[in-house]
Structures are given as C-alpha cells and as structure tokens.
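A.B. asks: Structure incoming, see below.
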Amino acid sequence: MGVLSSCTNADILQADVATIVSVVDGDTIVLKVQNQTETVRLLGIDTPETVHPSKPIECFGPEASAFTKATLVKGSTVKLLRDVESRDRYQRLLVYLFLADGTLFNQLLIDRGFARTLSIEPNTAFASQFARHESNAKDRRAGLWQSCER
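Basically this note's numbering = 1-based index in the sequence shown + 163.
Structure follows, in structure tokens:
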C-alpha cells in the first residue's frame with residue numbers, strides 16, 4: 164500500500180481487505196489483515212477515552228465506543244488505506260477504514276459527533292476534509308459537541 168495523496172475509488176479498490184475481530188474503543192479496532200491479527204488506530208480522529216490505562220472515561224466516550232461496536236460487527240469486511248507512516252509508537256497499524264458500502268468510517272465518526280479531528284504529521288491525507296466535517300458537526304451540535312464542554 165503506497166502513500167496516499169488523495170483518495171479515489173481506484174484507491175479504495177486497491178486497499179487491503181480486512182475482517183473485524185473486535186472493537187477496543189471508539190478509534191481502536193482489532194482486525195484480521197492478510198492472515199495476521201492487527202490492532203489498528205483510525206487516522207485523523209480521536210474519540211473520547213474509555214479504556215486508557217492512565218486516563219478517566221471521558222465525556223461521550225462510551226457512546227463513541229458503542230457506535231463503533233455497533234457499526235463494526237465481528238466478521239464484517241472492511242477496507243484499509245494507510246498514509247505516510249504505517250504504525251504508531253504502540254505498533255498499532257494506522258489506517259483510514261472504509262465500510263463495505265464505501266463509507267469512510269473515520270469521517271462518519273466525525274460527522275456523528277463521536278470524534279474530534281486529530282491531525283498528526285505526516286499522516287494528513289484527509290486533514291482538511293476532516294476539519295470541514297468537524298466544523299459542520301460543531302455547527303449542528305452533533306454528539307459530543309452538544310453533550311460535552313471543552
């Protein structure tokens with residue numbers, strides 16, 4: 164999988180196919196990719212914490228985790244695109260995750276107010292797009308933008 168400069172339908176067709184094994188929290192998932200089990204972290208977003216060992220459960224974290232668990236059902240197939248860096252300091256695979264219908268799940272979490280944008284160089288292929296969607300979610304007071312003060 165190469166560097167992502169912009170995403171097209173052709174990119175999605177070339178993406179790695181993976182199977183959902185389990186959901187850790189709103190933005191961390193365990194998948195089976197190329198016959199290996201991988202813990203993946205969704206790029207460009209951050210959902211409120213629910214399982215971090217040194218942080219308390221954050222406002223709207225349980226709702227974000229529940230949405231991810233309800234959407235990413237065990238055994239379902241998804242597609243993964245990577246950006247410049249493939250792994251984070253915890254050795255999690257860093258991905259943009261597409262549902263079977265082509266929906267970019269990272270962006271869906273932002274749209275529904277389950278996640279904030281988190282742009283970390285050099286993995287910024289969708290940063291401006293995600294920022295626009297976050298602004299729209301704030302304007303609509305979706306999810307955490309209505310329920311949580313920051």
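The C-beta atom is built at its ideal place from N, Cα and C for all residues, glycine as well.
Computed from a prediction, not measured in an experiment: that's the story for all the values here.
#1: What's the gap between the Cα of Q292 and the Cα of A278?
#2: Alpha carbon to alpha carbon, how far is T182 from L194?
#3: What would DSSP say about T213, mapped onto helix, strand or coil?
#4: In terms of DSSP beta bridges, what is I273 paired with?
#5: Roughly how many angstroms separate the alpha carbons of R245 and F289, rounded to a whole number?
#6: Under a three-way DSSP split, which group does R303 fall into?
C.D. replies: Working from what's here:
#1: To locate residue 292, count along the sequence shown from 1; it is residue 129. To locate residue 278, count along the sequence shown from 1; it is residue 115. Take the alpha-carbon of Q292 and the one of A278: they are about 14 Å apart.
#2: For the purposes of this step, residue 182 is identified with residue 19 of the sequence shown, where counting begins at 1. For the purposes of this step, residue 194 is identified with residue 31 of the sequence shown, where counting begins at 1. Using only the alpha carbons, I get a separation of about 5 Å.
#3: Translated into positions along the sequence shown, residue 213 becomes position 50. Looking at T213 - three-state DSSP - the assignment turns out to be coil, as it is neither helix nor strand.
#4: For the purposes of this step, residue 273 is identified with residue 110 of the sequence shown, where counting begins at 1. Checking the DSSP bridge columns, you'll see I273 has no partner listed.
#5: The residue labelled residue 245 in the question sits at position 82 within the sequence shown. The residue labelled residue 289 in the question sits at position 126 within the sequence shown. It is roughly 11 Å from the alpha-carbon of R245 to the alpha-carbon of F289.
#6: Translated into positions along the sequence shown, residue 303 becomes position 140. DSSP places R303 in helix when its eight states are reduced to three.
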